[in-house]
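Protein chains in written order, with my numbering: chain A, 15 to 169; chain B, 15 to 169; chain C, 15 to 169; chain D, 15 to 169. A virtual CB, placed ideally from N, CA and C, is assigned to each residue, including glycine. Scroll down for the structure; my scribbles are underneath it.
Number of protein chains: 4
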Amino acid sequence: MPLTDFCKAPVITISPDQKVLDAVNLMLDKNVGCVVVVEQDRPIGILTDRDIVLRVMAKRKDASTTTVQDVMTPNPISAPEAIGIWDLIQAMKKHGVRRFPIVAGDGKLVGIITLDDLIELMGGELADLGRAIATELSHPIPAGASWKSEDRLLR
Amino acid sequence: MPLTDFCKAPVITISPDQKVLDAVNLMLDKNVGCVVVVEQDRPIGILTDRDIVLRVMAKRKDASTTTVQDVMTPNPISAPEAIGIWDLIQAMKKHGVRRFPIVAGDGKLVGIITLDDLIELMGGELADLGRAIATELSHPIPAGASWKSEDRLLR
Amino acid sequence: MPLTDFCKAPVITISPDQKVLDAVNLMLDKNVGCVVVVEQDRPIGILTDRDIVLRVMAKRKDASTTTVQDVMTPNPISAPEAIGIWDLIQAMKKHGVRRFPIVAGDGKLVGIITLDDLIELMGGELADLGRAIATELSHPIPAGASWKSEDRLLR
Amino acid sequence: MPLTDFCKAPVITISPDQKVLDAVNLMLDKNVGCVVVVEQDRPIGILTDRDIVLRVMAKRKDASTTTVQDVMTPNPISAPEAIGIWDLIQAMKKHGVRRFPIVAGDGKLVGIITLDDLIELMGGELADLGRAIATELSHPIPAGASWKSEDRLLR
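Printed below as a string of structure tokens:
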């Protein structure tokens, strides 16, 4: 299953030279907490609602003149869309961030995956495991079954 | 981290022509609930305490003369040691089993991984995620930071 | 929701003076791994498939003459049906067991809850939390809303 | 263990008649994403960094003159400090919020508990369960053990 299938929130983008107020309006209209700053469809920065409070309001900057690139977090760590879920979890832990832009093989932005997505995913796996296994117990050996050199390796 | 590092229980082996009573004694001595049946170090069957109750006792067979291969579950699905944790979880769900023998590239048995191992592992990941992320919030942008075409792709 | 609603496996009972072979047949017929030993509907022991292997077969006892009370684990810790899920999890951790008989207020057996049940339950909660929260974000304040000394305490 | 022991983030308070800019400065200084609005030590509102972006910036209000009570979410649902963890999880799901102020018996604010706290907690429980149980298996019956009408009910 492609990684983007697990992304619940839409990925909303903005240009680096747009104003912070444009980002604010996007957050309101699209009901997101974060916009990805792109140049030629590639992520070059990330800007969250919290960044706006701390880097614009707290600094008494004017949101209608300050550009996105002045206050964004530049060079966000991105995840290739082919990355495994487990590696993604490790990366989130290691870097201590809540979200990664996801990029295709050509480096273009295709989605954003968040901590909430991963929690829902891991919780679902655990629930499924509990359920699947509860029905295991011992099955009868199929009649006439015996060992033959079959290939039964997981791939 | 190699998959075998997550295996808590030792992998205990037996030959297919040994008696069920030998398996019983191994389960007692080594405090395990399952033995892997091997031929030339390759897993060809699996035998659990439950299998012994249902396939030997319930059938009134004699544990001191019945061979392991007569009552084992033949051809167990094995996991290559290079498999990803996430794929392993999917396989456990799909096949509805609690444990997989783990084999090296040459097909030889190197461990056994159980549902309990995976639960401990996933629980630990969730706890770590909660902890790591709780400290995220917004960091100041490093002074003078600006966007440059850095490579920041997870690998 | 009553605790027994979370119990997936049926609770199968046996009398202390029945034979181990009767327990074996019950485990086969009912597809369970454990029977609860009752006297006047109250749990006085527990017997698992594993106990039978280690305490009957390994000791070369005869399952058709050995009684259940001779090999059961006596005095199992039971959970009152009104216990909270969280307390139950703590108890499972503390006592290191996989299952608790559940008893009604009068001490009579009403169910059995297992580690698998709790894993399914906790996983489901985590998945639900991830899902519920992903849609939170900020809601507009209802028009005309203002603070009044309402009672908004969780109960 | 008291609920407040699970709260990782400090609870930061503000008065309803303070300015939004004061809230912003608190969020910056204390590194929190949310302040609790109190009157006589009782929570009467809550204000997050996101609320400030959507209700102040997006509405082009002036943070240095707008009061906290004009834009806070009034009447937040609070959790009594004696609430069980499980009930708290249910409430978070039901109400779709990420955090609850915690109040003592007299209604006074004593902490704030967040989704991140609960995820860390539940993950830790799962990891502990996997670990505790992996060592269960079957223990020998203590010599001379037999059933007596002991009280072995969880409390």
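The criterion of a C-beta distance shorter than 9 Å is not satisfied by ILE133 of chain A and LEU68 of chain C.
In the three-state reduction of the DSSP assignment, GLU139 of chain D falls in the helix class. Non-local C-beta neighbours of VAL49 of chain C in its own chain, meaning closer than 6 Å and more than five positions away in sequence, comprise ILE26, ILE28, ALA37, LEU40, LEU61, ordered along the chain.
Burial check for GLY59 of chain C: the Cβ neighbour count within 10 Å reaches 16 or more, so the residue is buried. Counted as a single uninterrupted DSSP element, the stretch harbouring VAL124 of chain D is not any alpha helix (DSSP H) but the beta strand (DSSP E) occupying residues 123-128. For LEU35 of chain D, the enclosing alpha helix (DSSP H) covers residues 34-44. For the set A:SER92, A:LYS122, A:VAL111, A:ILE127, the Cα lying nearest the Cα of LEU17 of chain A is the one of A:ILE127. Taking 9 Å as the cut-off between beta carbons, the residues of the stretch 105-138 of chain A near chain B are ALA105, MET106, LYS107, LYS108, HIS109, GLY110, VAL111, ARG112, PHE114, VAL117, GLY121, LEU129, LEU132, ILE133, MET136, GLY137, in sequence order. Beta-bridge partners of LEU167 of chain B (DSSP): A:SER92. Partner residues in the beta bridge of GLY59 of chain D, as assigned by DSSP, are D:VAL51, D:PRO88. Taking ALA118 of chain B as the centre and dropping the five residues before and after it, the same chain places the C-beta of GLU95, VAL124 closer than 6 Å to its C-beta, in chain order. Boundaries of the alpha helix (DSSP H) around ILE103 of chain B: 99-109.
Under the three-state reduction of DSSP, THR81 of chain A is assigned to strand. The three-state reading of DSSP puts ILE116 of chain B in strand, counting E and B together. Going by C-alpha positions, SER92 of chain D is about 19 Å away from LEU135 of chain D.
Take LEU129 of chain C, set aside five residues on each side of it, and the residues of its chain with a beta-carbon closer than 8 Å to its own are MET106, ARG112, ARG113, in chain order.
Contact between LYS44 of chain C and THR81 of chain C does not hold, since the beta-carbon distance rounds to 20 Å and is not under 8 Å. Residue contact with chain A for ARG166 of chain B: present (Cβ-Cβ distance below 9 Å to some residue of chain A). Taken through DSSP and simplified to helix, strand or coil, ILE66 of chain D comes out as helix. Among the CB atoms of chain D, one or more fall inside 9 Å of the CB of ILE103 of chain C. Exposed is the label assigned to ASP31 of chain A, since fewer than 16 other Cβ atoms lie within 10 Å of its Cβ. ILE133 of chain A carries a helical assignment under DSSP once its states are collapsed to helix, strand and coil. CA-to-CA, the gap between LYS108 of chain B and GLY144 of chain B works out to about 28 Å.
Within chain C, the residues placing a beta-carbon under 7 Å from that of GLY98 of chain D are GLY98, TRP100, ordered along the chain.
Straight-line measurement puts the Cα of VAL70 of chain C at about 7 Å from the Cα of ASP76 of chain C.
Taking each of B:GLU53, B:PRO90, B:ARG64 in turn and checking the Cα distance to GLY47 of chain B, the smallest one comes out for B:ARG64.
One Cα belongs to ALA23 of chain B, the other to GLY137 of chain B, and the distance between them is close to 18 Å. A distance of 9 Å or more separates the beta carbons of PHE20 of chain A and ASP142 of chain A. The C-alpha of LEU168 of chain D is placed about 48 Å away from the C-alpha of ILE66 of chain D.
With respect to the C-alpha of MET86 of chain D, the residue from D:SER78, D:VAL51, D:GLY110 having the closest C-alpha is D:VAL51. By the beta-carbon neighbour count (other beta carbons within 10 angstroms, threshold 16), GLN83 of chain A is buried. Rounded to the nearest whole angstrom, the C-alpha separation of ILE99 of chain B and PRO90 of chain A is 26 Å. The same chain holds no residue with a CB closer than 6 Å to that of LYS73 of chain A once the five nearest residues on each side in sequence are set aside. As a beta-bridge residue in DSSP terms, ILE28 of chain D pairs with D:VAL51.
Here ASP19 of chain C carries a helix assignment [DSSP, helix/strand/coil].
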